[in-house]
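S.K.: When the sequence shown is numbered by my numbering, its final residue is 454 and no position is left out of the sequence of numbers.
Cβ atoms here follow ideal geometry from the backbone N, Cα and C, with glycine treated the same way.
All values derive from a computational prediction rather than experimental measurement.
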Amino acid sequence: MTLATFAEALADDRDATERSVLLGNGFSRAFSDEFAYGRLRDVAEMPDLSVDRDRLFGEVGSDDFETVMDRLRATAGLVGLYSARSTRLAGRLREDASVVQRGLVEAISRIHPASSAEVTDEEYAHAVAFLAHFGRVFTVSYDLLLYWAVLHAGGTDVVRKDRFLRPRSGQPLRWIPPRKRADQSLFYLHGAVHLYMRGDVVHKLERVDGPLVEQLVANLEKGRYPLVVTEGTRADKEARIARNPYLAHCHAELASTAGSLFVHGLSLSDNDGHLLDAIAHRESRVDRLYVGVHGSAPGRDRRQVQRRAAGLEDERAENGGDPLTVSFYDAASAEVWRSS
115 MTLATFAEAL
125 ADDRDATERS
135 VLLGNGFSRA
145 FSDEFAYGRL
155 RDVAEMPDLS
165 VDRDRLFGEV
175 GSDDFETVMD
185 RLRATAGLVG
195 LYSARSTRLA
205 GRLREDASVV
215 QRGLVEAISR
225 IHPASSAEVT
235 DEEYAHAVAF
245 LAHFGRVFTV
255 SYDLLLYWAV
265 LHAGGTDVVR
275 KDRFLRPRSG
285 QPLRWIPPRK
295 RADQSLFYLH
305 GAVHLYMRGD
315 VVHKLERVDG
325 PLVEQLVANL
335 EKGRYPLVVT
345 EGTRADKEAR
355 IARNPYLAHC
365 HAELASTAGS
375 LFVHGLSLSD
385 NDGHLLDAIA
395 HRESRVDRLY
405 VGVHGSAPGR
415 DRRQVQRRAA
425 GLEDERAENG
435 GDPLTVSFYD
445 AASAEVWRSS
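1. Is T201 helix, strand or coil by DSSP?
2. Exposed or buried, which one is Y302 when buried takes at least 16 other CB atoms within 10 Å?
3. Quick check on the DSSP output: the alpha helix (DSSP H) that includes L382 runs from which residue to which?
4. Would you kindly work out how many angstroms separate the C-alpha atoms of Y443 and N139, rounded to a whole number?
5. Three-state secondary structure (DSSP) at R128?
6. Can you give me the start and stop residues for the alpha helix (DSSP H) that D184 sits inside?
7. Smallest Cα separation from R155: which of A190, A188, V219?
8. Answer yes or no: do V157 and A221 have a C-beta to C-beta separation smaller than 7 Å?
9. What residue does the alpha helix (DSSP H) around R153 start on, and which one ends it?
10. If F278 sits next to R288, beta carbons under 8 Å apart, how far is it from one beta carbon to the other, in whole angstroms?
11. Just tell me which of D297, E429, E367, R153 has its CA closest to the CA of T253.
12. Does T234 pass the burial test, meaning 16 or more other C-beta atoms within 10 Å, or should it be called exposed?
13. Where do the ends of the beta strand (DSSP E) carrying R354 lie?
14. On a CA-only basis, which of E427, R414, V405 is nearest L117? Give me that one, please.
15. When burial is assigned at 16 or more other CB atoms within 10 Å of the CB, is E180 buried or exposed?
16. Can you list, in chain order, the residues of its chain with a C-beta nearer than 6 Å to that of F112? Leave out the 5 residues immediately preceding and following it.
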């Protein structure tokens with residue numbers, strides 16, 4: 115199967131007035147393989163684990179932190195079911211799941227460029243050119259790369275409305291629910307390392323208070339963790355999202371977005387099911403789906419992405435919704451951070 119280029123996919127999508135993008139971890143990996151799950155595992159120290167880190171990940175058979183957390187919590191539930199005397203072991207398993215959860219956030223802070231200045235002007239230019247094609251940007255990545263690119267975009271067409279505003283002069287930025295749909299065009303579906311809770315209010319780190327990574331590290335050292343959805347199972351993810359007004363709003367906006375949707379850097383795994391269901395839902399107004407596929411990925415992985423994406427057409431029809439057309443393009447041809 116010959117893949118279209120990103121430029122050809124844009125040309126095929128003749129109506130650019132309603133065009134959105136859903137970004138996955140591949141957006142960050144295109145900048146650096148340091149953001150690969152295997153690398154995150156290598157730098158995550160997790161000294162509080164009750165077992166060896168590498169043996170744990172090896173036994174689960176995955177570098178995906180969410181899969182490991184999911185397996186630990188599921189095992190804890192089974193242990194409790196089969197033996198009421200094993201509450202101590204079940205507690206250890208759940209505590210290890212929490213250690214892995216914290217380890218993911220800490221690992222992201224370690225592999226991150228120390229400051230936005232470590233991204234070159236040419237790399238920013240590529241990212242800005244890519245993002246400028248879209249009127250709405252949704253992302254499930256936690257890192258700062260998208261935030262930095264948006265800040266670097268200046269007066270370009272890149273969306274920047276995230277609804278983090280100051281209620282009064284001198285107060286920290288906080289998320290204020292939009293009155294109109296057009297008031298917000300940038301959505302962190304799973305939170306991000308620069309977002310944090312203070313009480314029941316979502317706030318955002320900003321450059322005027324110093325380098326963002328330094329602020330993040332300082333917060334971690336104080337035990338103050340950012341707003342990120344790292345729950346392993348779909349049910350746990352959805353429960354966490356439903357409890358937070360910001361996250362719930364972002365997901366409602368994904369479900370109601372219309373026109374064309376480009377999916378870039380997302381593996382379409384079972385962990386992404388809550389996102390895919392929003393597209394396949396009968397009330398979804400997305401009528402054209404363009405999915406980025408990595409030509410260099412193993413054939414099995416490519417086929418899985420293509421099979422899962424193509425299946426959304428049938429799911430939409432079975433749900434009684436409007437027709438959905440799914441197309442594919444070569445993700446590398448988008449040249450998100452640099453020329454290939």
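M.R.: If we stick to the structure as given:
1. Correct three-state label for T201: helix.
2. The residue in question, Y302, is buried, as its Cβ has 16 or more Cβ neighbours within 10 Å.
3. Boundaries for L382: no alpha helix (DSSP H) harbours it, and the DSSP string shows neither H nor E there.
4. Taking the Cα positions, Y443 is about 17 Å away from N139.
5. It is coil, neither helix nor strand.
6. Where D184 is concerned, the enclosing alpha helix (DSSP H) stretches over 179-196.
7. When only C-alpha atoms are compared, the closest one is V219.
8. Cβ atoms of V157 and A221: closer than 7 Å.
9. Note, R153: alpha helix (DSSP H), 151-157.
10. Indeed they touch by this definition, with Cβ atoms about 7 Å apart.
11. Residue nearest to T253 within the set D297, E429, E367, R153 is E367 (criterion: CA-CA distance).
12. Label assigned to T234: exposed.
13. Counting along the chain, R354 falls outside any beta strand (DSSP E), though it belongs to the alpha helix (DSSP H) covering 348-357.
14. Sorting E427, R414, V405 by C-alpha distance to the C-alpha of L117 places V405 at the top.
15. Flag for E180 reads buried.
16. With the chain represented from 115 up to 454, any question about residue 112 goes unanswered, as that position is not in the structure.
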